[in-house]
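Residue numbering for the sequence shown follows our numbering, beginning at 1 and increasing consecutively. For every residue, glycine included, the Cβ atom is placed at its ideal position computed from N, Cα and C. The structure displayed is predicted, hence computed values, not measured ones. Beneath this line is the structure, given in structure tokens, with notes to follow.
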Amino acid sequence: MNAAQTRKYRGKNKAPKWTKPDDGMVSVMVLPLAVTDPADLARLENLFGAMWSLKRAVQRDAQSKVDAYWAAYHERDEHGAKAVRQRLGLSREALERCAYKHLEAAGHLKHHASKALAMHMADEVWNGVQRHLFADATGNRHGRPKTGRWHDFTRIPGRARSHTAERKWETFRLVGSLHGHAMAYTGGGQHEMMQPHRMPTPDAPTGTVPTGTLTAAGKPGTRKATRWDHTGPLAVVFAGGPDGKRGDLVLPVRIPQGAGQWARAEHFLANPGRWHKVDLVRRRKASAPGGWTYEAHLMILGPGYASPAVRTMRQKSATLDRIGGVDGNVSNLSVVSFPASLDGAAGTPASSETVLTDDERNRLEQEAKKRRGRARALERSRRSTNTAQYGLSKRQAARADRRTAAGLKPKTIAVPGGARDARTDGVPKQAFRRDRLSVNYRDLRARQAVAAASAAEHRRHRARTLARQIIAAHGPVLTVEDCDIRTWYRLWGKRLSQTTPGLLISALDRECQAAGGRLVRASTWSTALSQHCLCGERVHKTLRDREHKCIACGLTGKRDLVSAALAAFVRLTDVDDPKTAHLDTTASRHAQITYAEGLEEALSESTTPCQNAPRGAGRVAVPRQRETSAHRTAERRDRATPDEPRPVRDHAGAPGTRTACSPQLTLW
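Here it is as structure tokens:
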């Protein structure tokens, strides 16, 4: 082989590796797409259809490979698991090659999807396979990867733009500028921004633009203008598949309007150098053409937006020299804080209780009533469309028997009310996914999904608001018991979603970090805060006992507030290990003596105007227990997610020696 035929390799890149600034911090802004042109809407639907077909094919390949991997246990024992994975092609690169083969084999897909999109879709499938093959830090694995459903396919991941080469976006790219968008929809800055319902598609730039170089003749060089030179209204551009014949797909962008939205838009859109990548997302909306509305999720390099009021609040919270404890409960969240020096001249104890107000309870009851109505309507629609799969109810059967006995003509039952036709073991003879669904059923299901997304966003907003109120009153240094919220859901059911204790604690954790503090988690086994008093005495209480009464020191107060006060005096040998927590009874007793009546007042009711407690505040839901017959008294927009799996945190609580047990007190 001569030198001309020798294959050359590029070799290792000698340039320094590019890293994300700000410690890799990224944030996402949702940009609604104004897709009103029927042709653009059809292209967008075809793009999602093509990517769904491609993802389903790669998922099926991954399922087969995973099944073969677990079946080859003899080969794994003999040659090792890595060798088996290499033989089967269980790797990111192998799944990407599978996606390329499917894209080449199905010629029609190349009219809509590109090779870069196929690669990133295969990477998304590999993330699920990886969580199944390899255990996390707690030793748990995710289940076998499955093929998803069409209505659950809502996101097409884009590829990050090159931050070393100019103008290199291989998938979806954002063109235009915020200034040009404002000038286009404010009449050149003469009136407030008015974005019409039918936003026009920005025209492609025409003419020539200078290149900044000189030609061989010494004249300024020019080139033809392209979409890269567009400085007008913002738009998302996709070049289409390699075999596409209809040019670029240009989708106008609608930026959020309203009070405080312009500052947020400037934070995300004013500097194009921070734009990282664009994902295309769709969500159900019954009133939209085709039943879907489309969004572009723009990821930027850097932290998210915080309003001036929130930044001021966080700065003031960082200066509060206080220590606090949090008691997460089924129906409320209790917080108690003290000055860090435990000096009476430095301040007084403060307490807060976040519970549902009467207005919130009424709103939740109305939403639950609407939700039950939608569920009944969906069930009636399914039964009326699939009458052969359901039997008659007792009342309908009795009526049919009476008509037969009277010699009357049998009456057709439009909506059978009986049980579904099933086998002897209770399994339906026809799977629910095989049922025929009417257009009204699909429309009602879409409206139900929109209502559920709206309620979820309201819960997140409430959690953020309450977390900021707590941080502003008690500071960003807090301690909470390390509880597994999933256990609460097994005891109290879905009604626990009304108070969302886990969501509140997660929001509180984020706000503590944003204010420069930390929410430390302590093991419930080594502290047992609900079974202790500030004096160090162990006070046994059942779950139904909501009042704390210590016979040793005479301290009385609400059970949750006393537990929160004790959490402020939890110390950890390793702050990252909840199992190293122990209760410092010396400090808690010192605080009890120092604050005396002020502490009694803080433990009897909330001292901060965080929320007005409704009637019956302080009571908590109690699950059904074996030794009692009392009833259970439970109280009561899609966003882009990172490609990386969320870390799974192990909840501390293994049985062991209780280090917080103090000797009994004999004399005060």
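Residue of T500, T387, M51 and M121 minimising C-alpha distance to G328: The shortest Cα separation from G328 among T500, T387, M51 and M121 belongs to T500.
May I ask you to report which of helix, strand or coil DSSP gives K12? If DSSP states are grouped into helix, strand and coil, K12 belongs with coil.
CA-CA distance, V125 and M51? Between V125 and M51, the C-alpha separation is close to 12 Å.
If contacts are defined as beta-carbon pairs under 8 Å, then L33 and L251 qualify, I think. What distance do you get, rounded to the angstrom? Contact flag correct, Cβ pair sits at about 5 Å.
T607 - partner residues in DSSP beta bridges: Among the bridge pairs identified by DSSP, T607 is matched with none.
Count the other CB atoms within 10 Å of the CB of Q233; is the residue buried (16 or more) or exposed (fewer)? The identity of residue 233 in the sequence shown is Pro, whereas the question assumes Gln. P233 should be labelled buried.
The beta strand (DSSP E) enclosing P32, as first and last residue numbers: Here the beta strand (DSSP E) through P32 covers V26 to P32.
R173: which of S506, H179 and D229 sits nearest, CA to CA? Of the candidates S506, H179 and D229, D229 places its Cα closest to the Cα of R173.
For the beta strand (DSSP E) containing Y294, name the first residue and the last one. Element bounds for Y294: W292 to L301.
For A472, I'd like the list of residues in its chain whose CB is within less than 6 Å of its CB, leaving aside the five on either flank, ordered along the chain. Excluding residues within five positions, the ones whose Cβ falls inside 6 Å are M313 and S317.
Report yes or no: do three or more beta-carbon pairs, one from the region 104-121 and one from the region 77-84, lie closer than 8 Å? Proximity of the region 104-121 to the region 77-84 falls short of the contact definition, fewer than three beta-carbon pairs being nearer than 8 Å.
Could you round the C-beta distance between G534 and A565 to whole angstroms and report it? I think they count as a contact, below 8 Å. Reading the sequence as shown, one finds Leu at residue 534 and not Gly. Right, their Cβ atoms sit about 6 Å apart.
Could I get the ranges of all uninterrupted alpha helix (DSSP H) runs contained in the region 144-213, with 4 residues as the minimum, in chain order? Complete alpha helix (DSSP H) runs here, min 4: 178-185.
Classify R87 as helix, strand or coil using the three-state DSSP reduction. Looking at R87 - three-state DSSP - the assignment turns out to be helix.
Quick one: grab the DSSP three-state call for T586. T586 falls in the helix class under three-state DSSP.
Return the bridge partner residues of S334 from the DSSP annotation. Among the bridge pairs identified by DSSP, S334 is matched with D327 and E353.
Presumed contact (8 Å Cβ cut-off) between Y390 and P416, rounded CB distance: Contact flag correct, Cβ pair sits at about 4 Å.
Since P476 contacts A515 with CB under 8 Å, what's their CB separation in whole angstroms? 4 Å between Cβ atoms; contact.
Buried or exposed (CB count within 10 angstroms, at least 16 for buried), Y73: Residue environment analysis places Y73 among the exposed positions, since fewer than 16 neighbouring C-beta atoms fall within 10 angstroms of its C-beta.
Residue ranges of each beta strand (DSSP E) within the region 470-514, 3 or longer: Correct list: 477-481.
Cα-Cα separation between G598 and V355, rounded to whole angstroms: Distance from the CA atom of G598 to the CA atom of V355, rounded to whole angstroms, is 23 Å.
Between the C-alpha atoms of G221 and A270, what's the straight-line distance to the nearest angstrom? When rounded, the distance between both Cα atoms is 29 Å.
Can you check which of these residues, T573, H582 and F569, is closest to H590 by C-alpha distance? Relative to the Cα of H590, the nearest Cα in the group T573, H582 and F569 belongs to F569.
Using only the alpha-carbon positions, how far apart do A135 and G128 sit? If I take the Cα positions, the gap works out to 12 Å.
How is the alpha helix (DSSP H) around T524 delimited, first residue to last? Secondary structure note for T524: its alpha helix (DSSP H) is the uninterrupted segment T524 to T527.
Beta-carbon contacts of P463 that lie in its chain and below 7 Å, excluding the five residues immediately before and after: For the record, residue 463 in the displayed sequence is Ala; it is not Pro. Correct list, in chain order: T500, L503, L504 and A507.
With burial defined as no fewer than 16 other Cβ atoms inside 10 Å of the residue's Cβ, what is the status of V209: buried or exposed? Looking at its Cβ environment, which holds fewer than 16 other Cβ atoms inside 10 Å, V209 is exposed.
Per DSSP, what kind of secondary structure is L543 in: helix, strand or coil? In the three-state DSSP reduction, L543 falls in the coil class, being neither helix nor strand.
Alpha-carbon to alpha-carbon, S27 and E367: C-alpha separation (whole angstroms): 32 Å.
One question on the structure: do L529 and L478 come within less than 8 Å of each other, judged by their Cβ atoms? Contact flag unset, no.
Classify W685: buried if its beta carbon has 16 or more other beta carbons within 10 angstroms, exposed otherwise. The structure shown does not extend to residue 685, since the chain is modelled only from 1 through 668, so no value can be given for it.
Report the partner residues of H276 according to the DSSP bridge assignment. None; H276 has no bridge partner.
What separation, rounded to the nearest whole angstrom, lies between the Cα atoms of L572 and D321? C-alpha of L572 to C-alpha of D321: approximately 19 Å in a straight line.
Would you tell me roughly how many angstroms separate the C-alpha atoms of A406 and A414, rounded to the nearest one? The straight-line gap from Cα to Cα measures roughly 21 Å.
Can you grab the Cα-Cα spacing for the pair K394 / R436, in whole Å? For K394 and R436, the distance between alpha carbons rounds to 25 Å.
Under 8 Å: do the region 297-312 and the region 181-189 share three or more Cβ pairs, one atom per stretch? No: fewer than three Cβ pairs fall under 8 Å.
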